[in-house]
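Working notes, beginning with the structure itself.
Residue numbers (the UniProt record's numbering): 1 to 81.
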C-alpha cells in the first residue's frame, strides 16, 4: 500500500486523561504527511505522548495515525526523507 505522503496533515496533541473536551486538544503543526511524520520521528519518545496525526480531508483509510499506528507510519517513511 502506498501512503499519501503529499496530502496535507495535521499533528495534534490530544488532551490528557483529566481533560475530556475537544477544546483541550492542541494543534501543533500542519503540512504534508511526510513532513509531519518526519517531525514526529525526530521527536524524543517522551515528546510523542498523546500525539495524533491525521489527514482531515481524506475520505478513505488511512486518515488517522495514533499510538502504534503512528509508530508504524514513522517506520514506513521513505529512505530519501
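All C-beta atoms in this analysis are idealised placements derived from N, C-alpha and C, irrespective of residue type, glycine included.
Quick caveat: nothing in here was measured; it's all calculated off a predicted structure.
On the DSSP bridge assignment, give the partners of residue i in chain order.
i, result
"residue 31", "9"
"residue 38", "Answer is none; residue 38 lacks a bridge partner."
"residue 66", "52"
Just the C-alpha distance for residue i and residue j, rounded to the nearest angstrom, thanks.
i, j, result
"residue 16", "residue 50", "8 Å"
"residue 78", "residue 34", "9 Å"
"residue 30", "residue 11", "6 Å"
"residue 66", "residue 57", "17 Å"
"residue 71", "residue 6", "19 Å"
"residue 76", "residue 61", "16 Å"
When you compare each of the options to residue i by their alpha carbons, which one comes out closest?
i, options, result
"residue 74", "6, 61, 36, 55", "36"
"residue 27", "78, 79, 14, 34", "14"
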